[in-house]
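Worksheet: the structure to be examined is printed underneath.
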Amino acid sequence: MPKEVQIKADLKEYWPDLTEKLIAEFFWMREWNKHGIRSGLLQEDYFKLALKLFKVVRNYWEKELKIQEGSTINLAELDKKIEKIGVPQFKCNNYNKRQQLYEMRFNWTKGETFELNYDTSDCAQMISFPR
0 MPKEVQIKAD LKEYWPDLTE KLIAEFFWMR EWNKHGIRSG LLQEDYFKLA LKLFKVVRNY
60 WEKELKIQEG STINLAELDK KIEKIGVPQF KCNNYNKRQQ LYEMRFNWTK GETFELNYDT
120 SDCAQMISFP R
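Letter by letter, the sequence shown follows residues 0 to 130 of numbering that gives the first Met the number 0.
See the structure below:
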């Protein structure tokens with residue numbers, strides 16, 4: 000795991016585990032072992048780049064999309080709005096009898112741009128956003 004305190008603090012804010020409630024370090028190690036090792040980057044560089052890309056998505060989400068926590072949106076409308084920064088695969092789960100978005104999966108290239116390669120989703124037509 001990265002040793003820098005700031006990287007760990009940023010990972011807690013930008014890359015929490017919303018599905019299994021693992022101890023944070025276990026979750027990030029699982030992500031490193033599943034994805035990061037294949038990136039060709041050193042572990043710390045992988046997490047720094049992931050955080051940089053998360054911040055791009057978060058900034059766009061908050062400043063351009065203006066989607067509020069707990070709100071509901073049509074998945075096709077969300078897909079159209081977010082296509083300016085990439086085309087993610089949306090992952091949802093059931094929470095309080097509603098489909099809740101818990102993950103957007105992007106792929107990135109070594110040029111730090113998002114690549115179009117996902118076009119499937121396991122979400123219903125209407126989804127809500129976690130609080």
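Don't be surprised by glycine CBs; every beta carbon is placed ideally from N, CA and C.
Only a predicted model underlies this, so the values are computations on that prediction, with no experimental measurement involved.
Short CB-CB distance (under 8 angstroms) between residue i and chain C
{"i": "Asp16", "result": "The structure shown has no chain C; it contains just one protein chain."}
Exposure label - residue i; buried when at least 16 CB within 10 Å
{"i": "Pro15", "result": "exposed"}
{"i": "Gly35", "result": "buried"}
Under the three-state DSSP convention, the category residue i falls into
{"i": "Leu41", "result": "coil"}
{"i": "Gln5", "result": "helix"}
{"i": "Asn106", "result": "strand"}
{"i": "Ile72", "result": "strand"}
{"i": "Ile22", "result": "coil"}
{"i": "Lys90", "result": "strand"}
{"i": "Ile126", "result": "strand"}
Residue i to residue j span [Cα, whole Å]
{"i": "Lys33", "j": "Gly69", "result": "30 angstroms"}
{"i": "Cys91", "j": "Leu40", "result": "29 angstroms"}
{"i": "Ala8", "j": "Trp27", "result": "12 angstroms"}
{"i": "Tyr45", "j": "Ser38", "result": "7 angstroms"}
{"i": "Pro129", "j": "Arg29", "result": "23 angstroms"}
{"i": "Gln99", "j": "Gln88", "result": "14 angstroms"}
{"i": "Ile22", "j": "Ile84", "result": "30 angstroms"}
{"i": "Trp31", "j": "Gln42", "result": "7 angstroms"}
{"i": "Val179", "j": "Glu3", "result": "Missing from the structure shown is residue 179; the chain here goes from 0 to 130 and no further."}
{"i": "Lys54", "j": "Glu24", "result": "20 angstroms"}
- Task: Report yes or no: do the stretch 63-77 and the stretch 119-129 share at least 3 C-beta pairs separated by less than 8 angstroms?
- Result: yes
- Can we say the stretch 41-50 touches the stretch 89-98, given the rule of at least three CB pairs closer than 8 angstroms? no
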